[in-house]
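K.L.:
Pasting a structure below so you can have a look.
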Amino acid sequence: MRYAIERQQLLDRLSASVDELESQRASGRAHQSTQERFDLVLAHDFKGPLTTILGYAELIEEGVLEKDETREGAKTIVRNVGRLATLANDTLALSSIEQGELDLADERVDVRSCYARS
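Read in this note's numbering, the sequence shown has 132 at position 116, and its numbers run on one by one without any break.
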């Protein structure tokens, strides 16, 4: 009788372990799906400025633009490089947060004052 009880307890623990593993696997799939969507959005966010930079660089290289147009093209390139740098820095910060290497401060922020600066 004692062996039957021990056997049943082992089977119960095994069943609980299997349930836990299946739950973790499902959670892992959900995380992977979220990560894949994030990666797609990130790639899209990088591609936009890169396409603009490439387009203007090619026009400048080919000498197609007039002097004022070239200056405006260069300004657009600089602006888009800044966007890419910000995006890269934000991506690195997010990675640091995910790996527990960066602590976030939990404090109130006056959003209106942030908006007034830009």
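For every residue, glycine included, the Cβ atom is placed at its ideal position computed from N, Cα and C. Note that the coordinates shown come from a computational prediction; the quantities given were computed from them, not determined experimentally.
Whose CA, out of Gly-116, Gln-25 and Ala-101, lies closest to the CA of Pro-65?
P.N.:
By 1-based counting over the sequence shown, the position of residue 65 is 49. Selected option, being the one with the closest Cα: Ala-101.
K.L.:
Give me the Cα-Cα distance between Thr-92 and Ser-33, rounded to the nearest whole angstrom.
P.N.:
To locate residue 92, count along the sequence shown from 1; it is residue 76. To locate residue 33, count along the sequence shown from 1; it is residue 17. Taking the straight line from one Cα to the other gives about 57 Å.
K.L.:
For Asn-105, is the classification buried or exposed, using 16 other Cβ atoms within 10 angstroms of its Cβ as the cut-off for buried?
P.N.:
In the sequence shown, the residue the question calls residue 105 occupies position 89. Counting Cβ neighbours within 10 Å, Asn-105 comes out exposed, since fewer than 16 surround it.
K.L.:
DSSP state of Glu-117, grouped into three classes?
P.N.:
Locating residue 117 in the sequence shown gives position 101, where the first residue counts as 1. Note: Glu-117 maps to coil in three-state DSSP.
K.L.:
Is the region 31 to 46 touching the region 55 to 73 in the sense that three or more CB pairs, one from each, lie closer than 8 Å?
P.N.:
No, they do not touch.
K.L.:
Assuming Ile-71 contacts Leu-81 under a Cβ cut-off of 8 Å, what Cβ separation, rounded to an integer in Å, is found between them?
P.N.:
In the sequence shown, counting from the first residue as 1, residue 71 sits at position 55. In the sequence shown, counting from the first residue as 1, residue 81 sits at position 65. What sits at residue 71 in the sequence shown is Gly, not Ile. About 11 Å separates the two Cβ atoms, so there is no contact after all.
K.L.:
Taking the continuous alpha helix (DSSP H) assigned at Gly-64, which residues delimit it?
P.N.:
As a first step, residue 64 is located in the sequence shown; it is residue number 48 there, counting from the start. It spans 18 to 78 - the alpha helix (DSSP H) in which Gly-64 sits, taken as one unbroken run.
K.L.:
What whole-angstrom Cβ distance do Val-97 and Ile-69 have, given they're in contact under 8 Å?
P.N.:
Reading the sequence shown from its first residue, position 81 is the one you call residue 97. Reading the sequence shown from its first residue, position 53 is the one you call residue 69. With 8 Å as the limit, Val-97 and Ile-69 qualify as a contact, their Cβ atoms being about 7 Å apart.
K.L.:
So what does DSSP say about Val-125, is it helix, strand or coil?
P.N.:
Along the sequence shown, one-based indexing puts residue 125 at 109. Looking at Val-125 - three-state DSSP - the assignment turns out to be coil, as it is neither helix nor strand.
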